[in-house]
Ligand SMILES: [Zn+2]
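Numbering (our numbering), first residue to last: 312 to 402.
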């Protein structure tokens, strides 16, 4: 009886407990991780903009917006990784 999107959303974010995130921005996501379209929590759309801050998992499987990161980081025991050391620029 999963008729509410909210419940699906809750299921999808459970695996993000204790996740580690790299800081990035919308422009970088649009360029290097175009399969990421929305914040996993609030469904904010990724915009091709260097002024829109995002946090992305190291394996690029998921991203959250800066606002949701701030709201959920304690509940989910998140850790922000240092700097912009993201694999997509390697090689
Ligand atoms: Zn969000």
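Glycine included, C-beta positions come from ideal geometry on N, C-alpha and C.
If you're wondering where the values come from, they're calculated on a predicted model, not measured in any experiment.
Cβ of residue 349 within 8 Å of Cβ of residue 358?
-> Looking up residue 349 in the chain shown gives position 38. Looking up residue 358 in the chain shown gives position 47. Taking 8 Å as the Cβ cut-off, residue 349 and residue 358 do not qualify as a contacting pair.
Who are the near neighbours of residue 347 in its chain, counting only those whose CB is closer than 8 Å to its CB and skipping five residues on each side?
-> Locating residue 347 in the chain shown gives position 36, counting from the first residue. So the qualifying residues of the chain are 340, 357, 367, 371, 373, 374.
Just curious, the alpha helix (DSSP H) that residue 340 is in, first and last residue?
-> To locate residue 340, count along the chain shown from 1; it is residue 29. First-last of the alpha helix (DSSP H) with residue 340: 337-343.
For the alpha helix (DSSP H) containing residue 379, list its first residue and its last residue.
-> For the purposes of this step, residue 379 is taken as the residue at position 68 of the chain shown. 377-383 is the span of the alpha helix (DSSP H), which, as asked, contains residue 379.
Any idea if residue 363 is buried or exposed, counting beta-carbon neighbours within 10 angstroms, 16 or more meaning buried?
-> Taking the first residue of the chain shown as position 1, residue 363 is located at position 52. Result: buried.
For the beta strand (DSSP E) containing residue 366, list its first residue and its last residue.
-> Counting from 1 along the chain shown, the entry for residue 366 is found at position 55. 364-367 is the span of the beta strand (DSSP E), which, as asked, contains residue 366.
With ligand 1 as the reference, list in chain order each residue whose Cβ lies under 6 Å from any of its heavy atoms.
-> Residues with a Cβ closer than 6 Å to any heavy atom of ligand 1, in chain order: 350, 352, 353, 355, 375, 376, 378, 379.
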